[in-house]
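Asker: One structure follows; several queries about it will come next.
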Amino acid sequence: MPLSLATLALLTLTAAAPAQTGPPQLVPLTDLGASTYLGEQGGLYPGGENAPPPDHAAAALHAARSVVPRTADGAPPPDGHVGVLGVGLSNHGQEWRELSRRVDADPQRNGHLVLVDAAVNGVTSDLVRDPQSIFWSILDERLPVCGLTADQVQVAFLETTRTRSVPLPFLDHVAALRDDLGEIVRLLRARFPRLRIVFVSSLTYGGYSVQHADEPAIYESAFAYKRLVEDQIAGDPGLGYDPRSGPVVAPVLVWGPYLWADGATPRSDGLAWLPEDVEPDGFHPSLAGERKVADLYEAFLDASPAERAIFDARPGVTRLASPVSKDAGIDETAPGATLGTLPAFEVREQDRWALLQAELPPFTGIVRHAKLAVEPIDRSARMVVTGVSNIAWDEALVAASTAPARDGPTSATLPLTSKGTLAEWSIGPWVNEVAPRGGPVACAIAGLPGAVAAELVARESGRPAWIGVQVDEAPGGAELFCPGLPGPMGVPATLATLGTTSLGAGDLSFSAADLPPGAVVLPVVGTSHAETALAGGDVSVGGALTRLPLVAADGAGRAHFDVDWLAPPHSVSPGDTRYVQCVFRDVAPAGLRTTSAVVVVFRP
1 MPLSLATLAL
11 LTLTAAAPAQ
21 TGPPQLVPLT
31 DLGASTYLGE
41 QGGLYPGGEN
51 APPPDHAAAA
61 LHAARSVVPR
71 TADGAPPPDG
81 HVGVLGVGLS
91 NHGQEWRELS
101 RRVDADPQRN
111 GHLVLVDAAV
121 NGVTSDLVRD
131 PQSIFWSILD
141 ERLPVCGLTA
151 DQVQVAFLET
161 TRTRSVPLPF
171 LDHVAALRDD
181 LGEIVRLLRA
191 RFPRLRIVFV
201 SSLTYGGYSV
211 QHADEPAIYE
221 SAFAYKRLVE
231 DQIAGDPGLG
241 YDPRSGPVVA
251 PVLVWGPYLW
261 ADGATPRSDG
271 LAWLPEDVEP
281 DGFHPSLAGE
291 RKVADLYEAF
301 LDASPAERAI
311 FDARPGVTRL
321 ASPVSKDAGI
331 DETAPGATLG
341 TLPAFEVREQ
351 DRWALLQAEL
361 PPFTGIVRHA
371 KLAVEPIDRS
381 ARMVVTGVSN
391 IAWDEALVAA
401 STAPARDGPT
411 SATLPLTSKG
421 TLAEWSIGPW
431 VNEVAPRGGP
441 VACAIAGLPG
451 AVAAELVARE
461 SGRPAWIGVQ
471 VDEAPGGAEL
481 FCPGLPGPMG
491 VPATLATLGT
501 TSLGAGDLSF
511 SAADLPPGAV
521 VLPVVGTSHA
531 ETALAGGDVS
541 VGGALTRLPL
551 VAADGAGRAH
561 FDVDWLAPPH
571 SVSPGDTRYV
581 QCVFRDVAPA
591 GLRTTSAVVV
601 VFRP
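Numbered as in our numbering, the sequence shown ends at 604 without a single skipped number.
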């Protein structure tokens, strides 16, 4: 049968029509490289690269080396803490608690670090950017409960996204989230004046969500983080971090682990997200998902000099942790009820509380910090921890009628926590009182008047609470607290100690290195620390200053000097603190430069 003209025309038009391209393929940024998604280049950094440009990598390393133990007022003696925040949504909180469990128990990690789960359920980036948001009031309450001040917070990990209820076109979404993130990092820097570095990560795969169409929005959110970091690299004054280039309004921003993969399709390094990696809602990570993310974080912490400068163990301070070996719920309304073998225990005002006990391994030294960490099943009430001196109770038999007295010190009040966020309390004074060299530590968790009920995970669930302890094995000592800036040769001038800080031994001396050969060097001793930026480095000594005799660098760029600490004008005693730094004049280009600074706490 011959074809009609109309049929021939239709066939011709159909054959000439372009093929339907469909939605763009979602390729992980780390695999996309220099290729593009809807016009936006891949990679985590400019040029499609997954590593920062050399100058920004150097800035990140300098910031990381500036992360040092600090006391409550921000001073840098070696017996302080380094606060590390996990900031974000409940997803990040759930991932963070598994990382915290691992870091607390790992003696190969820096013993000064105090990790704080700062995630808040449902508080998306468009809310966190508001300084009056509930996120900030909760964080302000949570820090002292964990034994930290704002001056001790120096590192943060940020993982969040915008509200999922109002989808935006791709570029509008990227621009809005990037603006939110910029406001958030500025708020973090304003609240934590010694915050040096923030590691950013976008969320894991959202395609299994049963409530929202989360892909490609979650995938696309990574471009906002990429733009944020690239803007700082390009010199955006709204993200300035170097006092030599303008006002400091932000920390150094670099990528943390990139967490996204296209569901069950593995990316180039093998990462894939399977249905069993998420909870029934398809959005929050399951235990398997939490462990997978923690694996990514641990690999990241070992991957580059900046992360290792913060997280690697340092001599003299170690960390250890013990899981709770027995726990039991107590019901005052049922005096004979035994609840110690259930997978969870309930805490509420007055009539429901819980007993917990852990056995710390033997150790020597001084407990600088101790933390009790418990996982809530969902949101948790305002609660306190109280010491319990009686350790002779049986979790299977203890009831309200036989429960030991809550007779130890009571912690600060933990604010209402959200889904997935760890309940964490500083319990260092109690550990020092009852187990200063290891052994059993018992305590109780109770709700406050007016608090709603909270369900917490018991050890029978396979996710026991734990007590983490940071032990100073050799109190006092010396600590580098202000790294120098690179000079013309591309390396900073450094100051190091030789010998010990024992006044009795009298063997402490100082060695400066990587100086210009023949440079005249002025060592300076101060009674306090300072933070004054110069073009050639930071002046980090303050208070009453003493200038030591000039020394000259040898042909290898080294200079050595010692100090008679027992004689005037020093006349120090055990426990005294002094700050030492060298100033010298460079020749190319000409100008004053400084070495790194050292804080010394003297021992007998």
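Every residue, glycine too, gets a C-beta built ideally from N, C-alpha and C.
#1: To the nearest angstrom, report how far apart R406 and V68 are at their CA atoms.
#2: In this structure, does DSSP put R406 in helix, strand or coil?
#3: Tell me the rounded alpha-carbon separation between T532 and S540.
#4: Go ahead and pull the three-state DSSP assignment for D126.
#5: Bridge partners for L115 per DSSP, in chain order?
#6: Going straight from the alpha carbon of E668 to that of V174, what length do you get?
#7: Going by beta carbon distance, what residues of the same chain come within less than 8 Å of D576, once the five residues before and after it are set aside?
#8: Taking A119 as the reference, which of Q94, P131, P107 has the closest Cα?
#9: Quick check: the Cα distance between L296 and S571, rounded to an integer number of angstroms?
#10: Considering only residues of the region 323-402, which uninterrupted beta strand (DSSP E) runs meet the minimum length of 3 residues and lie entirely inside it, listed in chain order?
#11: Run the CB neighbour count on R593, radius 10 Å, all protein chains shown included, and call it buried at 16 or more, exposed below.
#12: Output the boundary residues of the beta strand (DSSP E) element that contains S528.
#13: In chain order, which alpha helix (DSSP H) runs of at least 4 residues are fully inside the region 125-196?
#14: Is it true that the region 394-402 meets the region 318-336, where meeting means three or more beta-carbon pairs spaced less than 8 Å apart?
#15: Hey, would you say S221 sits closer than 8 Å to L177, going by beta carbons?
#16: Between which residues of its own chain and R558 is the CB-CB distance below 8 Å, once the five residues before and five after are set aside?
#17: If you draw a straight line from the alpha carbon of G499 to that of S509, how long is it in whole angstroms?
#18: Counting Cβ pairs, one atom from each stretch, are 3 or more of them under 8 Å apart for the region 407-426 and the region 473-484?
#19: Which whole-angstrom value is the C-beta distance of L239 and A224, which I expect to be below 8 Å?
#20: According to DSSP, is Q25 helix, strand or coil?
#21: Is D327 buried or exposed, if buried means 16 or more other CB atoms sit within 10 Å of its CB?
#22: I'd like the span of the beta strand (DSSP E) that includes Q581, first residue to last.
#23: Would you list the residues sitting across from E95 in a DSSP beta bridge?
#24: Taking Y579 and S528 to be in contact with their CB atoms under 8 Å, please state how far apart those CB atoms are, rounded to whole angstroms.
#25: Would you call T364 buried or exposed, if buried means 16 or more other Cβ atoms sit within 10 Å of its Cβ?
#26: Please confirm whether S268 and D31 have their CB atoms less than 8 Å apart.
#27: Going by the CB atoms, is the gap between A313 and L605 shorter than 8 Å?
#28: Classify Q232 as buried or exposed, calling it buried when 16 or more other Cβ atoms lie within 10 Å of its own Cβ.
#29: Use the C-beta contact count for L148: other C-beta atoms within 10 angstroms, 16 or more gives buried, fewer gives exposed.
#30: Three-state secondary structure (DSSP) at W273?
#31: Can you tell me where the alpha helix (DSSP H) holding G428 begins and where it ends?
#32: Could you tell me the boundaries of the alpha helix (DSSP H) in which R220 lies?
#33: Let me confirm a value: N110 is counted as buried when at least 16 other C-beta atoms fall within 10 Å, else exposed. Which label applies?
#34: Tell me whether the region 432-448 and the region 354-362 touch, counting them as touching only if at least three CB pairs, one residue from each stretch, are closer than 8 Å.
#35: Under DSSP, the beta strand (DSSP E) around E455 begins and ends at which residues?
#36: Check whether the region 362-378 and the region 452-466 are in contact - that is, three or more C-beta pairs closer than 8 Å.
Answerer: On the basis of the supplied data:
#1: 37 Å
#2: coil
#3: 7 Å
#4: helix
#5: V84
#6: No answer is possible for residue 668: it lies beyond the span of the chain, which begins at 1 and ends at 604.
#7: V601, F602
#8: Q94
#9: 51 Å
#10: 344-347, 352-360, 366-374, 383-388
#11: buried
#12: 528-534
#13: 125-128, 134-145, 170-191
#14: yes
#15: yes
#16: S511, A512, A513, L515
#17: 6 Å
#18: no
#19: Contact flag wrong, Cβ pair sits at about 14 Å.
#20: coil
#21: buried
#22: 577-587
#23: In the DSSP output, where bridge partners are listed per residue, E95 has none listed.
#24: 7 Å
#25: exposed
#26: yes
#27: Residue 605 falls outside the range modelled here, since the chain spans only 1 to 604, and no answer is possible.
#28: buried
#29: buried
#30: coil
#31: 428-434
#32: Reading off the sequence shown, one finds Glu at residue 220, where the question assumed Arg. Unbroken alpha helix (DSSP H) run through E220: 217-233.
#33: buried
#34: yes
#35: 454-457
#36: yes
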